[in-house]
Every structure is written in structure tokens, then in C-alpha cells.
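Here is the structure we will look at, set down as C-alpha cells.
Okay, structure coming up:
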């Protein structure tokens, strides 16, 4: 794995990837790599050996320029469940769920030669919650981003794009109030999964098994380590990738 740039490096998923990566400090290869964690709030965080926090915004490409100098792989975790009016145009579904990652892909394509394709991992989403729970524009903009990333010929030539489609992501480190909901969905998905073909599209969200931030992080590290992984990864594939990484660490 080469240097890694995490867009949204101080969020739940970005923090988990950093935490999981630091478990590998005993490996000789760990010290040949470096993580750059980009965030709007990076100034609040203190850099540590192997991790540098960088102030930046994926919707302002000029703030990302220097972070691409080391030709890193990129994990893009930025997105929003609810539009954030306090950020104006930078807080919309279109901006955060679609435009930000397309900006990153364009930056990669402009700087990378395509001979040794670097990886871009984009966090999309599995089945969307029913529209009475969440605005439909959430999943629409996620799917638009997928189409733009996977359908662009220049991106295909220069970038190894991997799209992750998790359901709910829970953590024992942050947002612990989500744990009861996650437990309920884990039980519910186990019961409903065999009945998927009978469940209307609007309710299939409840068949998606929640994933822990640790599982997600291990899957990401496996993706970065295996150049053959490309395209869309659904929940069961993500779980498999996490287990593959766990075996490597034994």
C-alpha cells in the first residue's frame, strides 16, 4: 500500500481507517507509508507519526493540490444524510454526495499517469431508507456519483475506482447512541434477508446488515492492498474483504 489520502479523515469512517491502520505498526511496510487526513476541521487535530492532518475541502480543489504530490491512493468518505444549510451550496446532497468525489477523481486523473493506477474508494450506500425517513435526493446523488466515476473513460484508464455500498455503519468509539438501532437492524436483516424477493424496494433498506466501522476499515485496507478489486462492492462482499484482511493480520 502506498501513501493514503483520506478525504473526510476526521469523520467516523476516516478515523476508523486510521485507527485500524495503526494496528499494523509492527509490519515493516507500515513505515514506508503515510496517511494524510483531509478535513474542514483538521486544525483541531494533532498529527502523529504516520498520520498528518491537513485542512482542506473537496469542494475547493485548490486546497487539495499539495496533498496529491505523493501520488496517494484515496479514500473518499465525505457525504451527508441530511442537507446542511449552514454551509450553503457546499452543504447540499449534490455537493457533498456527488460533486466532492467527482472533484477528487478529476484531480487524480489530472495528476496520475495511469501506468500504475492508484485506487479511489468511494463510500456510496446500499439500499436507501424509505422516503418517509430520508429524502430521496440522498440516494439519487449517491447513484449519480457512481455513474460518473464508473462511466468516465479517463477515470477508468487512470484510476482503479471501487464503490462501497454499505448500509448503516455503527461504531463502539463514536455515536454510541446508534448501537441499539444497529442491533435491531442486524436482527431484522437476518430475519428478512431470505424474504428479500418479496419485500418492496422501498423497504429493502431493512434487509441490509449494518457494518461496524472496524469491518469497513479492514475492507478498505484489503481493497488498497489488492489491485484486482474494482467496481461496486455490496455488503456481503465488504464483509468478505474484511475477513480476508483479518486473515492477513494473523
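In the numbering used here, the protein residues as written are 309 to 558. Positions of the beta carbon are idealized from the N, C-alpha and C atoms, including for glycine.
Residue 323 lies in the alpha helix (DSSP H); which residues open and close that run?
Start and end: 320 to 329.
By DSSP, does residue 381 sit in helix, in strand, or in coil?
Here residue 381 sits in strand by DSSP.
So for residue 478, helix, strand or coil by DSSP?
It is a strand residue.
Please give me, in chain order, every unbroken run of the alpha helix (DSSP H) with length at least 4 that falls completely inside the stretch 381 to 469.
Taking only runs of at least 4 residues, the alpha helix (DSSP H) segments lying wholly in the stretch 381 to 469 are 408 to 419, 445 to 459, 461 to 466.
Could you say which of 377, 343, 517, 445 lies nearest to residue 361 if we only look at CA atoms?
Comparing Cα positions, the closest option is 343.
Closer than 8 Å by C-beta to residue 331: which residues in its own chain qualify, once you throw out the five before and the five after it? Chain order, please.
These residues qualify, in order along the chain: 557.
To which residues of the same chain is residue 415 closer than 7 Å at the C-beta, ignoring the five residues directly before and after it?
Within the same chain, residue 415 has close Cβ partners 369, 372, 376.
Residue 490: buried (16+ other C-beta within 10 angstroms of its C-beta) or exposed?
So residue 490 ends up on the buried side.
Give me whichever residues DSSP pairs with residue 347 in a beta bridge.
DSSP, once it has assigned bridges, lists 363 as partnering residue 347.
In chain order, what residues of the same chain have a beta carbon less than 6 Å from the beta carbon of residue 454, not counting five sequence neighbours either side?
Here the set comprises 432, 471.
Per DSSP, what kind of secondary structure is residue 543 in: helix, strand or coil?
In the structure shown, residue 543 sits in a helix (DSSP, three-state: H, G or I).
Could you tell me if residue 525 is buried or exposed, where buried requires 16 or more neighbouring beta carbons within 10 angstroms of its beta carbon?
Classification of residue 525: buried, given that the 10 Å Cβ count is 16 or more.
Assess, as a yes-or-no matter, whether the stretch 312 to 322 is touched by the stretch 515 to 525 under the definition of 3 or more beta carbon pairs within less than 8 Å.
Yes, since at least three Cβ pairs between the stretch 515 to 525 and the stretch 312 to 322 fall closer than 8 Å, the two stretches touch.
I need the boundaries of the beta strand (DSSP E) containing residue 314, first residue and last residue.
Residues 312 to 315.
Determine, for residue 492, whether the minimum Cβ-Cβ distance to residues of chain B falls below 7 Å.
Going by chain labels, chain B is absent from the structure shown, which holds only one protein chain.
Distance, Cα to Cα, residue 430 vs residue 438?
Taking the straight line from one Cα to the other gives about 23 Å.
For a test of the three-state rule: what should DSSP assign to residue 355, helix, strand or coil?
Coil, per DSSP.
Quick one: complete alpha helix (DSSP H) runs, 4+ long, within the stretch 486 to 548?
487 to 500, 521 to 533, all fully within the stretch 486 to 548.
Does residue 426 pass the burial test, meaning 16 or more other C-beta atoms within 10 Å, or should it be called exposed?
Under this definition residue 426 is a buried residue.
Taking C-beta to C-beta, are residue 315 and residue 398 nearer than 7 Å?
The answer is no: Cβ separation not under 7 Å.
Please work out which residues of its chain come closer than 6 Å, Cβ to Cβ, to residue 420, disregarding the five sequence neighbours upstream and downstream, and give them in chain order.
Once the five neighbours on either side are set aside, the close Cβ partners of residue 420 are 426, 466.
Would you call the stretch 505 to 517 and the stretch 347 to 360 touching, i.e. three or more CB-CB distances under 8 Å?
Contact fails: fewer than three Cβ-Cβ distances are below 8 Å.
Compute the Euclidean distance between the alpha carbons of residue 339 and residue 404, then round it to the nearest angstrom.
Model confidence at residue 339 stands at a pLDDT of 48, short of 50, so the residue's coordinates are unreliable and nothing is read from them.
Name, in chain order, the residues that DSSP records as bridge partners for residue 472.
431, 541, per the DSSP bridge assignment.
Quick one: residues in its chain with C-beta nearer than 6 Å to the C-beta of residue 553, no 5 flanking neighbours on either side, listed in chain order?
526, 529, 530.
Report yes if the C-beta distance between residue 357 and residue 313 is below 7 Å; otherwise report no.
Going by C-beta atoms, residue 357 is not nearer than 7 Å to residue 313.
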